[in-house]
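Contents: one structure, followed by commentary.
2 protein chains.
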Amino acid sequence: MSLERRTTKQKEAIRAVLATQEGPLMPDEIHAMALKAVPSLGIATVYRSLKTLQDEGMVRCVEIPGQSPRYERSDKGHHHHFLCQKCHTVFDLEKCVEGIKKLVPPGFRITDHEIILHGLCKSCV
Amino acid sequence: MSLERRTTKQKEAIRAVLATQEGPLMPDEIHAMALKAVPSLGIATVYRSLKTLQDEGMVRCVEIPGQSPRYERSDKGHHHHFLCQKCHTVFDLEKCVEGIKKLVPPGFRITDHEIILHGLCKSCV
DNA sequence: ACGATACTGATATGTCAATCTCATTAAAGA
DNA sequence: TCTTTAATGAGATTGACATATCAGTATCGT
Chain A
0 MSLERRTTKQ KEAIRAVLAT QEGPLMPDEI HAMALKAVPS LGIATVYRSL
50 KTLQDEGMVR CVEIPGQSPR YERSDKGHHH HFLCQKCHTV FDLEKCVEGI
100 KKLVPPGFRI TDHEIILHGL CKSCV
Chain B
0 MSLERRTTKQ KEAIRAVLAT QEGPLMPDEI HAMALKAVPS LGIATVYRSL
50 KTLQDEGMVR CVEIPGQSPR YERSDKGHHH HFLCQKCHTV FDLEKCVEGI
100 KKLVPPGFRI TDHEIILHGL CKSCV
């Protein structure tokens, strides 16, 4: 546990990648992108920084079924995701749907929901 | 690859578990349940049988974000799932929602969708 | 500029689901 | 019943991902 917290170019590079990110990214994608800014960057630092950023509440984990965890900025509002079956990129969706509550069985309490669309993205159609 | 196919009590036990299954089950859950019918049943046989049943089209894989794959009978119609955050059981939902297509961005083509609700089930509320 | 120490990078290690190996068992046609 | 060989069970192995280790580096308050 660190009481102090230092600003390093590694963490800044990772932060920068997440700041410009379109959809949620996997650790190795973040690594590859941040590598352009800090060529010596190790994958362990990516995992460490992601954990720190999560603890700080800046970043949130997004799980897509059958895939390893991805990460996105947590300042984005409520939204859902689209997985392209061809290029395997995940896109953010802006809107949500009505009537989710109608799905909940009697006696159950809903706290959250997620919708994942599958198909082909604009580039892969 | 086997040209022939034999009926064994192991496979029948696994089939029986899936026949009475309420929501999708994980391999180790199927194993634990089928163990009551065939005490010697090995986990490898569960994986092998699940693969066979998938090839035959009897069983389908269901992925819940952040969890390992679960399996359910494929004769169930279109439906979605509810994950209880307390007991981690997955329940089938009967209805679907309208307006999914409105989420799709221009130029994208949708082929499928899934909705996962999170909360507390009847027993855990 | 100095010093304490948080951070990093390379690699070893851990974790866990799923598969493979292989000797043994048992299903089913002859 | 006999024979062929598909299927099984136990344990070893794999593979993907994440964490731990530790010596060396770099930040930042003084």
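As you go down the protein sequences, you meet chains A and B in turn.
Each residue of the first sequence is one higher than the one before, counting from 0 in numbering that gives the first Met the number 0.
Each residue of the second sequence is one higher than the one before, counting from 0 in numbering that gives the first Met the number 0.
Built from N, CA and C at the ideal position, the CB exists for glycine as well.
Fair warning: this is a prediction, and the values are worked out from it, not measured in the lab.
Residue contact check for residue 111 of chain B against chain A: a CB pair falls below 7 angstroms.
Looking at A:107, A:60, A:96, A:109, the one whose alpha-carbon comes closest to that of residue 116 of chain A is A:96. In the same chain as residue 18 of chain A, and ignoring 5 residues on each side of it, the C-beta atoms closer than 8 angstroms to its own belong to 72, in chain order. Among the residues facing chain B, residue 45 of chain A is not included, as its CB has no counterpart in that chain under 7 angstroms away. Within chain A, no C-beta atom comes less than 9 angstroms from the C-beta of residue 86 of chain B; the nearest is roughly 12 angstroms away. Flagged as an interface residue toward chain B: residue 118 of chain A, by a C-beta distance shorter than 7 angstroms.
In the DSSP assignment, residue 27 of chain A falls within the alpha helix (DSSP H) that extends over 26 to 33. Rounded to the nearest whole angstrom, the C-alpha separation of residue 22 of chain B and residue 108 of chain A is 17 angstroms. Interface flag for residue 64 of chain A against chain B is set, since a Cβ pair is found closer than 7 angstroms.
At a cut-off of 7 angstroms between C-beta atoms, residue 50 of chain A does not count as an interface residue with respect to chain B. Chain-ordered listing is empty here: chain A has no CB closer than 9 angstroms to the CB of residue 89 of chain B, the nearest sitting near 12 angstroms.
If one requires a minimum length of 3 residues, the beta strand (DSSP E) runs lying completely within the stretch 27 to 77 of chain B are 58 to 61, 69 to 72, in chain order. At least 7 angstroms separates the beta-carbon of residue 58 of chain B from that of residue 33 of chain B. Listed along the chain, the chain B residues whose CB falls inside 7 angstroms of the CB of residue 55 of chain A amount to none; the nearest CB is some 21 angstroms away. Secondary structure note for residue 110 of chain B: its beta strand (DSSP E) is the uninterrupted segment 108 to 119. Remark: fewer than three beta-carbon pairs, one from each stretch, lie closer than 8 angstroms, so the stretch 35 to 52 of chain A and the stretch 80 to 96 of chain A are not flagged as touching.
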